[in-house]
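Asks:
Okay, structure coming up:
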């Protein structure tokens, strides 16, 4: 069975391993040629490693307060012979340890919110685009209604009602993203549902669910991947903003956004390390996701790059 | 430097200096930066200190009590109290006028009291919720144009001071307004009237034309600036003249600015962790444990209050021994020391040993964010101390105005909660009046110990100050031993004051600007 439908789209047949390997090689060559994405990828791998192994790497308990050692400068002596390499915060907690733990929450929120929003949006977009008619109208108008509200206002409203917490944060940020995925998926589905290979699947007796999820979905993964890579960055920023407003996670849970928020009262007193390090972590991570997303878009859709 | 950069720098400088110049208050205006938002101008619904500070400039009271406890007349010039202590007759000054132009008479004063008591209005402010429930207010009546009589259900030695907190307003205007209209259109008799109110942003008061007015400035602008760093930055930039609640970590920056200094005052606000002892909270995790006075006493030993004061509030404090401010407290009581080993021993003896996971019991600890000095850090530090002796704390820090305050008003926070209640230095009974009755709106813990509540009748029954003092000390001993508060500290107040004004801070958090002017 061939993998080509004559229009460059993927068919049901599994890819041969050699195809996959060839694709990976091409991607790597493109990545290396572009240079900046390599650095971005390296940074993101480092952040993921920190997020996974943060607890083992943390020199101190990130939540252990020691108010007698509060606001210690970077490099100052910590408790029991330890060193506050990045200083201590207003409650004497180790900034480095909180930064390492914060990576976990920030990435967890970023990826989980995309998973929630992406799943809802993709399913809604597939259903909307495939069935059309009133189903399409209802789903798309719901999306329009949601887009009529500024997202951050909507998130604040939800979080005041639901209360802060990691799960609620993921839910709110995820729901805030579904419309983007739904619109792109719908547009792609509308064009694909009339293609010959979909007709062929229908003629072969595939059910509606099989056509939607096994025939159409694999063909729209590429643009969705690009959107998701950009979206992770914006969700991390949104988490930071909501935590900064005190609506993110409880005060004992370190996230980069909440660390930044806690630095407000001491910034005017020149305790620069409290804002600088979490701020840098957010900037570098978000920038890396954006650079990688940019490259991914060019790689998966070279026509865009040609158009400049 | 390139021409572009030069232009950019010049533009930025012009913008910066231009903005600063535009925002500096004019010579006839004083600007104040407050940390908490204003919710109402309905005189019978006002309860928060920031709200009351603004309202007091609009509404007069019968008498004044200064921060040092000195009594001065305001709208009234004379008071007669009946033999049985149940009838207070105030004589108003001549020539008083409301902001609506009508004469202010005894009828207006009587109307003020009776309106606040009317259950149809469902008011929950300081007047009905604290003053009336404490003094047992029955009714008020105008005896003639200038004399108003206040009738009480029971004798109360500090009724005079409590009645002095009631904002007098004007009958004709208020009878014409709905309750909604009244909450935004105050008609009082004070030296200032409301010029504009932009919710969540600012309140502007303008001076009422009156040759006898004590007011110095033509306008007072109260700006709501919840974020402490922004308040300090605004003060340093000269955009406001006075700010409340300077964050302890910003004191040095303000003092080094050359434009303002911080005035530190030992305040009278009593900060504590309350134990909610009501039935619904008893059924929550940890709720049963804190019913036991021994557990509550054990937890007193678990928290290092002087360290919290010194490290997080930037001042040296002596830990509170109870509900009454130090000059009037039971002098035989010594503050609970920080002794975690004692706390653990007592918790073991009370039947709450550590489990296999090291936890004795879990409990929720609720607090509001941004109202009190460094409050979020203080509650986190307290939670850490309690966890150190084996409690598992679920810390729930909420938005202050719209989430925490409604819960507090319904006495529905806990099982542990962080709160501060305003106090005074002129009488121990004023501070104790929060717990005048089990059902008082200010008994947030639902504490009901008869060794406290039954003694109010004994106090009312005697006129002998020494006998009263003895009863007070006995009550405070009960409160110290088995009370519903984990005692913390009396909150210091840090006011940032611009060098251009002559404001002097009071110990009771009252920011009254009648006599404040430019230097």
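Protein chains in written order, with the working numbering: chain A, 1 to 308; chain B, 1001 to 1519.
Virtual Cβ for every residue (Gly too), placed ideally from N, Cα, C.
These figures come from a predicted structure and were not determined experimentally.
1. Which residue comes first and which comes last in the beta strand (DSSP E) that contains residue 1498 of chain B?
2. On the DSSP letters alone, give me the boundaries of the beta strand (DSSP E) that residue 1223 of chain B sits inside.
3. Can a CB atom of chain A be found closer than 9 Å to the CB of residue 1486 of chain B?
4. So which residues of chain A does residue 1493 of chain B contact, with C-beta pairs closer than 8 Å?
5. Using a C-beta cutoff of 9 Å, does residue 1339 of chain B count as contacting chain A?
6. Do you know how far the Cα of residue 277 of chain A is from the Cα of residue 101 of chain A?
7. Identify each residue in the segment 65–81 of chain A for which the Cβ-Cβ distance to at least one residue of chain B is less than 7 Å, and report them in chain order.
8. Do residue 1242 of chain B and the ligand ZN come close, with the Cβ less than 8 Å from some heavy atom?
9. What does a CB cutoff of less than 6 Å around residue 1081 of chain B pick up in its chain, not counting 5 residues either side in sequence?
10. List the endpoints of the continuous beta strand (DSSP E) containing residue 1261 of chain B.
11. Run through chain A and tell me which residues come within less than 7 Å of residue 1312 of chain B, C-beta to C-beta.
12. Please list, in chain order, all residues of the same chain as residue 1379 of chain B whose beta carbon is under 8 Å from its beta carbon, the five residues on each side excluded.
13. If you measure from the beta carbon of residue 1399 of chain B to each beta carbon in chain A, is any gap under 9 Å?
14. Give me the subset of the segment 256–277 of chain A whose CB atoms are less than 9 Å from a CB atom of chain B, sorted by chain position.
15. With distances taken from CA atoms, which of B:1284, B:1332, B:1039 and B:1047 is nearest residue 1480 of chain B?
16. What span of residues does the alpha helix (DSSP H) with residue 105 of chain A cover, start to end?
17. Mind checking who residue 1416 of chain B pairs with in its DSSP beta bridge?
18. List, in order along the chain, the chain B residues whose C-beta lies closer than 9 Å to that of residue 250 of chain A?
19. What does residue 160 of chain A reach in chain B if we use C-beta pairs closer than 9 Å?
20. In terms of residue numbering, what span does the alpha helix (DSSP H) encompassing residue 1514 of chain B cover?
21. Residue 1062 of chain B: which of B:1040, B:1106 and B:1046 sits nearest, CA to CA?
22. Kindly provide the ranges of any beta strand (DSSP E) runs that are 3 or more residues long and lie completely inside the segment 1058–1130 of chain B, ordered along the chain.
23. Counting along the chain, where does the alpha helix (DSSP H) carrying residue 1474 of chain B start and finish?
24. Quick check on the burial criterion: 16 or more other C-beta atoms within 10 angstroms. Buried or exposed for residue 186 of chain A?
25. Going straight from the alpha carbon of residue 1022 of chain B to that of residue 1238 of chain B, what length do you get?
26. Using 8 Å as the threshold, is the segment 1503–1517 of chain B in touch with the segment 1207–1219 of chain B, meaning 3 or more CB pairs across them?
27. What did DSSP end up calling residue 1284 of chain B once you bin it into helix, strand or coil?
28. As an exercise, report each continuous alpha helix (DSSP H) stretch of at least 4 residues that is fully enclosed by the segment 221–260 of chain A, in chain order.
29. Closest by CA to residue 249 of chain A, which one among A:108, A:29 and A:215?
30. Between residue 224 of chain A and residue 181 of chain A, which are expected to be in contact by the criterion C-beta below 8 Å, what is the C-beta distance as a whole number of angstroms?
31. Could you spell out where the alpha helix (DSSP H) holding residue 44 of chain A opens and where it closes?
32. Quick one: is residue 1374 of chain B near chain A, going by C-beta distance under 9 Å?
33. Name the chain B residues whose beta carbon is nearer than 7 Å to that of residue 91 of chain A?
34. According to DSSP, which residues form a beta bridge with residue 1346 of chain B?
35. Excluding five sequence neighbours on each side, which residues of the same chain lie with their C-beta closer than 7 Å to the C-beta of residue 1016 of chain B?
36. Determine, using beta carbons only, whether residue 102 of chain A comes closer than 9 Å to chain B.
Replies: Quick look at the numbers:
1. If you look at residue 1498 of chain B, you'll find it in the beta strand (DSSP E) that goes 1485–1498.
2. Counting along the chain, the unbroken beta strand (DSSP E) around residue 1223 of chain B starts and ends at 1219–1224.
3. No, because no Cβ of chain A sits closer than 9 Å to the Cβ of residue 1486 of chain B.
4. Residues of chain A passing the Cβ test: none, with the nearest at roughly 17 Å.
5. It does not; no Cβ of chain A falls within 9 Å.
6. Cα to Cα, the separation comes out at about 13 Å.
7. If the cut-off is 7 Å between Cβ atoms, the segment 65–81 of chain A has 65, 67, 68 and 70 near chain B.
8. Of the ligands one can find in the structure shown there are none, so the ligand ZN has no counterpart to examine.
9. Taken in chain order, the residues that qualify are 1088.
10. Looking at the DSSP string, the run of the beta strand (DSSP E) that includes residue 1261 of chain B is 1260–1275.
11. Those within 7 Å of residue 1312 of chain B in chain A are 67.
12. Closer than 8 Å at Cβ, skipping near neighbours: 1365, 1367, 1395, 1397 and 1418.
13. Taking 9 Å as the threshold, the shortest C-beta distance from residue 1399 of chain B to chain A falls below it.
14. Here the close residues are 262, 264, 265, 266, 267, 268, 269, 270 and 271.
15. Comparing Cα positions, the closest option is B:1332.
16. Residues 95–131.
17. Partner residues in the beta bridge of residue 1416 of chain B, as assigned by DSSP, are B:1275 and B:1365.
18. 1394, 1395, 1396 and 1397, listed in chain order.
19. By Cβ distance, chain B contributes 1399, 1402 and 1403.
20. Element bounds for residue 1514 of chain B: n/a, residue is neither H nor E.
21. Cα-wise, what sits closest to residue 1062 of chain B is B:1106.
22. Complete beta strand (DSSP E) runs here, min 3: 1063–1065, 1071–1073, 1076–1081 and 1087–1092.
23. Note, residue 1474 of chain B: alpha helix (DSSP H), 1465–1482.
24. So residue 186 of chain A ends up on the buried side.
25. For residue 1022 of chain B, the predicted structure reports a pLDDT of 45, less than 50, and the residue's modelled location is therefore unreliable. The matter cannot be settled from this model.
26. Remark: three or more beta-carbon pairs, one from each stretch, lie closer than 8 Å, so the segment 1503–1517 of chain B and the segment 1207–1219 of chain B are flagged as touching.
27. Three-state result, residue 1284 of chain B: coil.
28. Runs found: 221–244.
29. For the set A:108, A:29 and A:215, the Cα lying nearest the Cα of residue 249 of chain A is the one of A:108.
30. At roughly 7 Å, the Cβ-Cβ gap stays under 8 Å, so residue 224 of chain A and residue 181 of chain A are in contact.
31. DSSP places residue 44 of chain A in the uninterrupted alpha helix (DSSP H) bounded by 36–57.
32. At least one chain A Cβ lies under 9 Å of residue 1374 of chain B.
33. Under the 7 Å cutoff, chain B gives 1377, 1380 and 1381.
34. Answer is none; residue 1346 of chain B lacks a bridge partner.
35. Residue placement at residue 1016 of chain B is poorly supported in this model, since its pLDDT is 38, which falls under 50; the coordinates are not used for a value here.
36. No, no contact with chain B.
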